[in-house]
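Down below is the structure, laid out as structure tokens.
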Amino acid sequence: MTSNKGFSLVETLIAILVVVLSGVGTLKLYSHLEVEKANALMFVEAKQIAESQIALLQTLNTTGSDCEGKTVENIQSCQLTLSEGSLYSLSVTPTKTLQHTPAGGVAATYAKIMDVKVSWNDRNGTAQSLSLPVSVSKFTNLLD
Numbered sequence: 114m115t116s117n118k119g120f121s122l123v124e125t126l127i128a129i130l131v132v133v134l135s136g137v138g139t140l141k142l143y144s145h146l147e148v149e150k151a152n153a154l155m156f157v158e159a160k161q162i163a164e165s166q167i168a169l170l171q172t173l174n175t176t177g178s179d180c181e182g183k184t185v186e187n188i189q190s191c192q193l194t195l196s197e198g199s200l201y202s203l204s205v206t207p208t209k210t211l212q213h214t215p216a217g218g219v220a221a222t223y224a225k226i227m228d229v230k231v232s233w234n235d236r237n238g239t240a241q242s243l244s245l246p247v248s249v250s251k252f253t254n255l256l257d
């Protein structure tokens with residue numbers, strides 16, 4: 114005569130295995146979400162750096178600006194200074210120069226289209242970058 118009360122050893126081991134596997138899966142999902150959240154925050158910070166650089170470039174021809182004294186020819190040298198040991202690197206590259214040749218025949222640069230690029234390594238160690246275009250004209254923010 115056998116007793117049919119309770120669970121067998123095999124049933125108990127299978128139940129423990131199911132609980133452990135679901136716990137491991139949940140922890141793996143949580144860690145993946147944390148990495149993705151950190152990567153999204155890094156992207157947002159990179160976007161803020163790029164937008165700050167664009168705002169700085171667009172202060173051409175204004176007084177009290179960090180770009181005071183710069184012309185449209187050398188405006189790409191006006192860059193934000195990132196803190197020492199920053200995760201990000203910043204570059205400003207001219208992609209197109211717009212010139213006008215008057216009747217006198219001497220070409221004059223009146224605007225530049227530049228690419229502001231912020232690069233960083235994400236939490237997985239993968240290189241990431243964000244590029245935003247900006248145009249700067251010598252006729253922007255003209256002083257009286």
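FYI, the numbering for the sequence shown is 114 to 257, going by the working numbering.
Yeah, the Cβ is synthetic: ideal placement off N, Cα and C, and Gly gets one too.
These numbers come from a predicted model, not from an experiment.
Where does residue i land, buried or exposed, given buried means 16+ other C-beta within 10 angstroms?
i	result
T172	buried
V157	exposed
Y223	exposed
K160	exposed
Y201	buried
V185	buried
K209	exposed
N117	exposed
N174	buried
V229	buried
I188	buried
A221	exposed
Quick one: what does DSSP say residue i is sitting in, helix, strand or coil?
i	result
G138	helix
N152	helix
S121	coil
Checklist entry - Which runs of the alpha helix (DSSP H), 4 residues or longer, sit entirely within the segment 161 to 249? => result none
Checklist entry - Taking one C-beta from the segment 243 to 253 and one from the segment 164 to 171 each time, how about it: are there three or more such pairs within less than 8 Å? => result yes
Checklist entry - Pairing CB atoms from the segment 232 to 241 with CB atoms from the segment 147 to 155, are three or more of them under 8 Å? => result yes
Checklist entry - Between the segment 204 to 211 and the segment 181 to 195, are three or more C-beta pairs nearer than 8 Å? => result yes
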